[in-house]
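Scroll down for the structure; my scribbles are underneath it.
Residue numbers (my numbering): 67 to 506.
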């Protein structure tokens, strides 16, 4: 079967059968296949969608283009995935913290996609740290210390690896079937038995409405059910950056500060909630509150930070950067962003905040772009906070002063201040399991 036939069928809005979907997946995994044909197929899916069966078939087809692991790591292998947001650093907190509580976490992460940061890019802010690891080494690290975060290897879901990079540069990132099949094909290939999903909704997320986010969550939970995996999905807010730092080394610092007990707030709150569900799927606790207490104990004892130290060393990185965050890459220019009037911070244009960081060099516009780990921005205020004229709202970290000055103006425009009082942004919207959807 020729791929052009499959493209034609989806272009005209037809539902594809398994043979046609398998043809697309095999082409995506074939280095000789043409980028422009794969891009055309991605756009046809983005415009015309896929039904549940097509999406499930695409997920399984992509997973089976490479190795399918059945990890023996001394307990149920668990994983977590976020659909991406601005300042979302939960993976770097959750993975060591859950492992410190006895969980076995195998995490395959991606690089930056669109305006959202990539966990792999953040980790590689630490000199020497290797994320391109062979499968046997990943499993060995998990057996020894309980966790590992690796980039997608060529042996695991290679079709997704190819399509993932193309989606970013073809404006097809925000397709529910493509998001669901991308995420779940990697999880199925890695062999995770328990999967916790963090589905972002809001201005700074791929899903802009609650209905879209719930649809995506339900789609992925359904794929997991059909594949015999336990999946829990939480729909969480992205009306403002989750953490206060946006940028690769900056977000690495933010995660370390949380693990060291120096930072509180929504980033910590969400990490504890997601981690509790991971412990439930690991059979290490029965309730969310019980799981949170275990995680808080690991946090206050320093066990979570120590586990990150171990993981960095196991992956070849210099663990001194965990102990001394000032060693992480730093920008040449740090420019303050001041409030232009008194009032309350009513809203944050989270999408533009992500784009500002990307423009400074913290993200990619093409798949060939090289990340600058030092650049980005820091926010000092959250939605609902009172501000005074002349007070610092945040700061820009730039390696080009002119670009930094432009980013200062852009960030001022992205932070909307009004005299009327306002409330904090909502963090948790819904939970989706195989038993149904609960609006929270």
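We put the CB at the ideal spot given by N, CA and C, even for glycine.
DSSP-derived helix/strand/coil call for residue i
i           : result
residue 391 : helix
residue 357 : helix
residue 255 : helix
residue 464 : strand
residue 40  : One cannot answer for residue 40 here, as it falls past the ends of the chain, which runs 67 to 506.
residue 450 : coil
residue 470 : helix
residue 271 : coil
residue 130 : coil
residue 123 : helix
residue 492 : coil
residue 146 : strand
residue 378 : helix
residue 155 : coil
residue 266 : strand
residue 140 : coil
residue 384 : coil
Proximal residues to residue i (C-beta, below 8 Å), its chain only, five neighbours per side dropped
i           : result
residue 169 : 141, 144, 212, 213, 344, 345, 348 and 350
residue 243 : 111, 115, 116, 120, 121, 124 and 285
residue 319 : 311, 391 and 394
residue 232 : 101, 104, 105, 108, 238 and 433
residue 490 : 448, 449 and 450
residue 139 : 170, 172, 205, 208 and 209
Contacts around residue i, its chain only, beta-carbon distance under 7 Å, and the 5 residues preceding and following it disregarded
i           : result
residue 245 : 149, 272 and 282
residue 378 : 192, 195, 385 and 388
residue 397 : 440, 441, 463, 464 and 465
residue 329 : 320 and 323
residue 287 : 297, 299, 498, 499 and 500
residue 135 : 201, 255, 256 and 257
residue 506 : 494, 495, 496 and 497
residue 221 : 132, 133 and 201
Cβ-based neighbour list, residue i, same chain, cut-off 6 Å, excluding 5 preceding and 5 following
i           : result
residue 147 : 249 and 263
residue 399 : 464, 467 and 470
residue 439 : 191, 314, 315 and 395
residue 376 : 211
residue 166 : 364, 369, 370 and 373
residue 254 : 129 and 293
residue 442 : 312, 313, 316, 423, 428 and 463
residue 445 : 310 and 460
residue 72  : 86, 89 and 90
residue 154 : 148 and 308
residue 174 : 216, 218, 252 and 256
residue 268 : 303, 304 and 305
residue 354 : 342
residue 413 : 482
Interface flag, residue i vs chain B, CB-CB below 9 Å
i           : result
residue 310 : The structure shown has no chain B; it contains just one protein chain.
Distance cut-off 8 Å: residue i Cβ against heavy atoms of the ligand FAD
i           : result
residue 207 : This structure lacks the ligand FAD, and indeed carries no ligand of any kind.
Cβ-Cβ separation, residue j to residue i (assumed contact under 8 Å), whole Å
i           : j           : result
residue 458 : residue 402 : 5 Å
residue 157 : residue 215 : 7 Å
residue 184 : residue 417 : Rounded, the Cβ-Cβ distance is 17 Å, inconsistent with contact.
residue 511 : residue 301 : For residue 511 there is no data in the structure shown, the boundaries of the chain being 67 and 506.
residue 290 : residue 160 : With 8 Å as the limit, residue 290 and residue 160 do not qualify as a contact, their Cβ atoms being about 19 Å apart.
residue 205 : residue 162 : Wrong, their Cβ atoms sit about 18 Å apart, outside the cutoff.
residue 338 : residue 361 : 5 Å
residue 508 : residue 152 : Any answer about residue 508 is impossible in this case: the structure gives the chain only from 67 up to 506.
Ordered list of beta strand (DSSP E) runs contained in the region 395-439, each at least 3 residues:
Within the region 395-439, the complete beta strand (DSSP E) runs of at least 3 residues are 399-404 and 409-414.
Within 8 Å, do at least three Cβ pairs link the region 126-133 to the region 221-235?
Yes, since at least three Cβ pairs between the region 221-235 and the region 126-133 fall closer than 8 Å, the two stretches touch.
Within the chosen definition, does the region 425-439 reach the region 477-487 through at least 3 CB pairs nearer than 8 Å?
Touching, no.
Contact the region 401-414 vs the region 447-464: 3+ CB pairs below 8 Å
Cβ pair count under 8 Å is three or more, so yes.
Note down, one range per segment and in chain order, each alpha helix (DSSP H) of at least 4 residues found wholly within the region 76-121.
The qualifying runs are 84-95 and 101-114.
Please give me, in chain order, every unbroken run of the alpha helix (DSSP H) with length at least 4 that falls completely inside the region 309-348.
Counting whole runs of 4 or more residues, the region 309-348 contains the alpha helix (DSSP H) stretches 314-325 and 332-347.
Every unbroken beta strand (DSSP E) within the region 169-248, with a cutoff of 3 residues, ordered by chain
With a minimum length of 3 residues, the continuous beta strand (DSSP E) runs that stay inside the region 169-248 are 170-175 and 213-217.
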